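Engineer:
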Amino acid sequence: MIDQRQPLLNQWATSIDKAARMGALSSDTKAISIREIGTIAGPRAGALELDAGFDAGRLLRTLAADDMALTRQFVPWVFVGQPAVYMQGRFVRIEAGWDDALAQKMISVKQLNARPNGSGHWLAGMNERGRAVVLHLSDLAPHFLIAGTTGSGKSVCLRSMVTQLSQRGDRLVLIDGKFGEGLRNLDRLPGIVGPLAVNIDTARSALAWAVAEMVKRYEQGDTAGARVVVVVDEVQELIGDAAIVEMIRRIAAQGRAALVSIILATQHPTAKAFGDDASIKRNVTGRIALRTADYKASEVAIGQATPRSDWLLGAGDAYAVVPGQVQRVQIAYMERREIDRLLTSTPTIAAWPEYNAEGVPSGNTSAAAYNGAELAVSLTNAYQGHGRPALVKALESAGLGKPGVERAMRLLKLGREQLDALRGDGWDVCLSADGIDTADDANEM
Ligand SMILES: Nc1ncnc2c1ncn2[C@@H]1O[C@H](COP(=O)(O)OP(=O)(O)O)[C@@H](O)[C@H]1O
Ligand SMILES: [Mg+2]
Numbered sequence: 043m044i045d046q047r048q049p050l051l052n053q054w055a056t057s058i059d060k061a062a063r064m065g066a067l068s069s070d071t072k073a074i075s076i077r078e079i080g081t082i083a084g085p086r087a088g089a090l091e092l093d094a095g096f097d098a099g100r101l102l103r104t105l106a107a108d109d110m111a112l113t114r115q116f117v118p119w120v121f122v123g124q125p126a127v128y129m130q131g132r133f134v135r136i137e138a139g140w141d142d143a144l145a146q147k148m149i150s151v152k153q154l155n156a157r158p159n160g161s162g163h164w165l166a167g168m169n170e171r172g173r174a175v176v177l178h179l180s181d182l183a184p185h186f187l188i189a190g191t192t193g194s195g196k197s198v199c200l201r202s203m204v205t206q207l208s209q210r211g212d213r214l215v216l217i218d219g220k221f222g223e224g225l226r227n228l229d230r231l232p233g234i235v236g237p238l239a240v241n242i243d244t245a246r247s248a249l250a251w252a253v254a255e256m257v258k259r260y261e262q263g264d265t266a267g268a269r270v271v272v273v274v275d276e277v278q279e280l281i282g283d284a285a286i287v288e289m290i291r292r293i294a295a296q297g298r299a300a301l302v303s304i305i306l307a308t309q310h311p312t313a314k315a316f317g318d319d320a321s322i323k324r325n326v327t328g329r330i331a332l333r334t335a336d337y338k339a340s341e342v343a344i345g346q347a348t349p350r351s352d353w354l355l356g357a358g359d360a361y362a363v364v365p366g367q368v369q370r371v372q373i374a375y376m377e378r379r380e381i382d383r384l385l386t387s388t389p390t391i392a393a394w395p396e397y398n399a400e401g402v403p404s405g406n407t408s409a410a411a412y413n414g415a416e417l418a419v420s421l422t423n424a425y426q427g428h429g430r431p432a433l434v435k436a437l438e439s440a441g442l443g444k445p446g447v448e449r450a451m452r453l454l455k456l457g458r459e460q461l462d463a464l465r466g467d468g469w470d471v472c473l474s475a476d477g478i479d480t481a482d483d484a485n486e487m
């Protein structure tokens, strides 16, 4: 059946093109000439990319007006859900969901047959061009928010991600705000630090362990350790607890340079939960937005006004977002028996130590091991866009001694981190090509 998709897309493109030329797609009935139309057969929806040049605005307005009334008339199949109309780059983009016969809903990690390598990498799913999408925890996107309404596919997505990361040698801390339903049994994967935390007390203890590990790494200047990934499913159940919120905030703000990442999953991505705390919003730059309940949730989930995750179709239909890139992805699931086969281990720590507020190292941990003058030089260096050699020179000439490679690297990262924090908004800060690798067999974001 999916062979029928391309002819349908061609038919759609032809009718839109004709209508535009006849002036049917502008409110003033003036002709719009569309220079080029790209057709895209995604797993869950078909899409057209319309290059209308200077007429893009007029075309967008007409196609999006009155709940996409006009757009709906041109789709040559019985589409499911809500058609989407938005700008992507300089193209006007329209999308309409395939019905069950035309959709590819079940895509497994195994069948995608791409093997991401290296710490923090996982195969997220299939993009609209049929290619595997590999996401990774990087300087550009050290932390992720996974948002979607109940049944949208958060747990399926998390289970696949956690299982894959455990195979890459990453160390995982698992927390589940809803009695451990979503992450159940995954604490028997290799590389798991402690038992799955399923209540406020153990969640505090698990987070305290991660904060202490982060501080230790800063103090010892240790960059060589394995990546620690803290995964919190149903985080909305835990944010009533001030200690938990504060520890999440600290990991999000300071974890990057210590290779401590946090993955937050929630069915209620509200401005209240995340927007008020600008620090979490700013630092959690990676997003997987599954279908959300409404436009407000979409804005928080995606981190910007478009595309609209409330128009997604559920069951793994998602937008993957890293700064500067958005892709529609059908999330790949891992078969249950495939996961079961890997549940061969026991957590390193048998029981989380009792939480003790005084036991959590406080203060500005990232700065703790350095003096103010060193940080100031590092910050200036970051602002000037210089690398490590320039930083070493600047520290020497400021009479601060000649740091070793490790320490200099750390100061370099800290300087950049502080700069980001000052700029207040990570989205328009582009740090080289760090977050976007390319591979032959996969599309890395
Ligand atoms: N990536 C996916 N591929 C195929 N089916 C999925 C996918 N994600 C979710 N589903 C379907 O939707 C159901 C609910 O998914 P789940 O992850 O439990 O949702 P949530 O945790 O968001 O409430 C699953 O049992 C499965 O049937
Ligand atoms: Mg769930």
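Take the sequence shown: its position 276, counted from the start at 1, is 318 in the working numbering, and no numbers get skipped.
Where is the CB? At the ideal position from N, CA and C, for every residue including glycine.
In this text the structure is predicted, and so the values were computed from the model without any measurement.
Between the Cα of N423 and those of R452, L50, A268, spot the shortest distance and give me the residue it belongs to.
Structural biologist: Ranking R452, L50, A268 by Cα distance to N423 puts R452 first.
Engineer: I82 to E170, Cα distance in whole Å?
Structural biologist: In a straight line, the C-alpha of I82 is about 7 angstroms away from that of E170.
Engineer: Any idea what DSSP makes of S420, helix, strand or coil?
Structural biologist: The answer is helix: DSSP assigns S420 an H, G or I state.
Engineer: Out of E261, M110, L433, state which residue places its alpha-carbon closest to the alpha-carbon of V447.
Structural biologist: Nearest option by C-alpha distance: L433.
Engineer: For R63, name the three-state secondary structure that DSSP assigns.
Structural biologist: In this structure, R63 counts as helix in the three-state DSSP scheme.
Engineer: Is there a Cβ from chain B that is less than 8 angstroms from the Cβ of G328?
Structural biologist: The structure shown has no chain B; it contains just one protein chain.
Engineer: In chain order, what are the residue ranges of uninterrupted alpha helix (DSSP H) at least 4 long that sit wholly in the stretch 43–112?
Structural biologist: With a minimum length of 4 residues, the continuous alpha helix (DSSP H) runs that stay inside the stretch 43–112 are 47–63.
Engineer: For N406, does the three-state DSSP call read helix, strand or coil?
Structural biologist: Its pLDDT being 49, under 50, N406 is placed unreliably by the model, and nothing is read from it.
Engineer: Determine the burial state of N398: buried for a count of at least 16 other Cβ atoms within 10 Å of its Cβ, exposed for fewer.
Structural biologist: Exposed: under 16 other Cβ atoms inside 10 Å.
Engineer: For K196, count neighbouring C-beta atoms within 10 Å of its own C-beta (all shown protein chains included) and say buried if the count is 16 or more, exposed if not.
Structural biologist: Result: buried.
Engineer: Helix or strand or just coil, what does DSSP make of F116?
Structural biologist: F116 falls in the helix class under three-state DSSP.
Engineer: Assuming V127 and T113 make a contact with CB atoms under 8 angstroms, what is their CB distance in whole Å?
Structural biologist: Contact holds; Cβ gap of about 6 angstroms.
Engineer: Considering only residues of the stretch 356–383, which uninterrupted alpha helix (DSSP H) runs meet the minimum length of 4 residues and lie entirely inside it, listed in chain order?
Structural biologist: You should have 378–383.
Engineer: Would you say the stretch 217–230 touches the stretch 347–365, given that touching needs at least three Cβ pairs under 8 angstroms?
Structural biologist: Cβ pair count under 8 angstroms is below three, so no.
Engineer: Taking 7 angstroms as the cut-off, is the CB of I373 close to at least one heavy atom of ligand 1?
Structural biologist: Under cutoff, so the answer is yes.
Engineer: Apart from the five residues on each side of it in sequence, which residues of its chain come closer than 8 angstroms, Cβ to Cβ, to N159?
Structural biologist: R210.
Engineer: Cβ atoms of R370 and T191: under 8 angstroms apart, would you say?
Structural biologist: Taking 8 angstroms as the Cβ cut-off, T191 and R370 do not qualify as a contacting pair.
Engineer: Would you grab the beta carbon distance between W54 and V151 for me? Rounded to a whole angstrom, and I think it's under 8 angstroms.
Structural biologist: Not confirmed; about 31 angstroms, so no contact.
Engineer: Given the structure, does D275 come close to ligand 2, in the sense that its CB is under 7 angstroms from one of the ligand's heavy atoms?
Structural biologist: It does: the Cβ of D275 is within 7 angstroms (strictly closer) of some heavy atom of ligand 2.
Engineer: Could you tell me the distance, in whole angstroms, from the CA atom of V272 to the CA atom of L228?
Structural biologist: Approximately 13 angstroms between the Cα atoms of the pair.
Engineer: Over what stretch of residues does the beta strand (DSSP E) that includes M451 continue unbroken?
Structural biologist: Unbroken run through M451 is the alpha helix (DSSP H), 447–465; no beta strand (DSSP E).
Engineer: Helix or strand or just coil, what does DSSP make of N485?
Structural biologist: N485 falls in the strand class under three-state DSSP.
Engineer: Roughly how many angstroms lie between the CA atoms of V270 and S68, to the nearest whole one?
Structural biologist: Spanning the two alpha carbons is a distance of roughly 53 angstroms.
Engineer: Rounded to whole angstroms, what's the CA-CA distance from F133 to I58? Just pull it up for me.
Structural biologist: Distance between the alpha carbons of F133 and I58: 14 angstroms.
Engineer: Taking only heavy atoms of ligand 1 into account, decide whether any of them is closer than 7 angstroms to the Cβ of G401.
Structural biologist: Checking every heavy atom of ligand 1 against the Cβ of G401, none is found closer than 7 angstroms.
Engineer: Going by C-alpha distance, which of A295, A284, L177 is nearest G162?
Structural biologist: Considering only alpha carbons, the answer is L177.
Engineer: Within 10 angstroms of its Cβ, does T359 collect 16 or more other Cβ (buried), or is it exposed?
Structural biologist: Note on identity: in this sequence residue 359 is Asp, with Thr being the wrong assignment. Flag for D359 reads buried.
Engineer: Return yes when the Cβ of I74 is within less than 8 angstroms of the Cβ of A94, no when it is not.
Structural biologist: Yes, the pair counts as a contact, with Cβ atoms nearer than the cut-off.
Engineer: With a 10 Å radius around its C-beta and 16 neighbouring C-beta atoms as the bar for buried, classify M64 as buried or exposed.
Structural biologist: Exposed.
Engineer: Here's the rule: buried if 16 or more other CB atoms are within 10 angstroms of the residue's CB, otherwise exposed. What is R383?
Structural biologist: Burial call: exposed.
Engineer: On a Cα-Cα basis, can you pick out the residue from P184, G172, A166 that is closest to C199?
Structural biologist: Nearest option by C-alpha distance: A166.
Engineer: Is D218 helix, strand or coil by DSSP?
Structural biologist: Strand, per DSSP.
Engineer: Relative to the C-alpha of Q278, which residue among Q296, R292, S247, I242 is closest?
Structural biologist: Of the listed residues, the one whose Cα sits closest to Q278 is I242.
Engineer: Give the DSSP bridge partners of V270, in chain order.
Structural biologist: Its beta-bridge partners are R213, V302.
Engineer: In chain order, what residues have a CB nearer than 6 angstroms to some heavy atom of ligand 2?
Structural biologist: Here the residues come out as K196, S197, G224.
Engineer: State the start and end residues of the unbroken beta strand (DSSP E) segment that holds A189.
Structural biologist: Residues 186–189.
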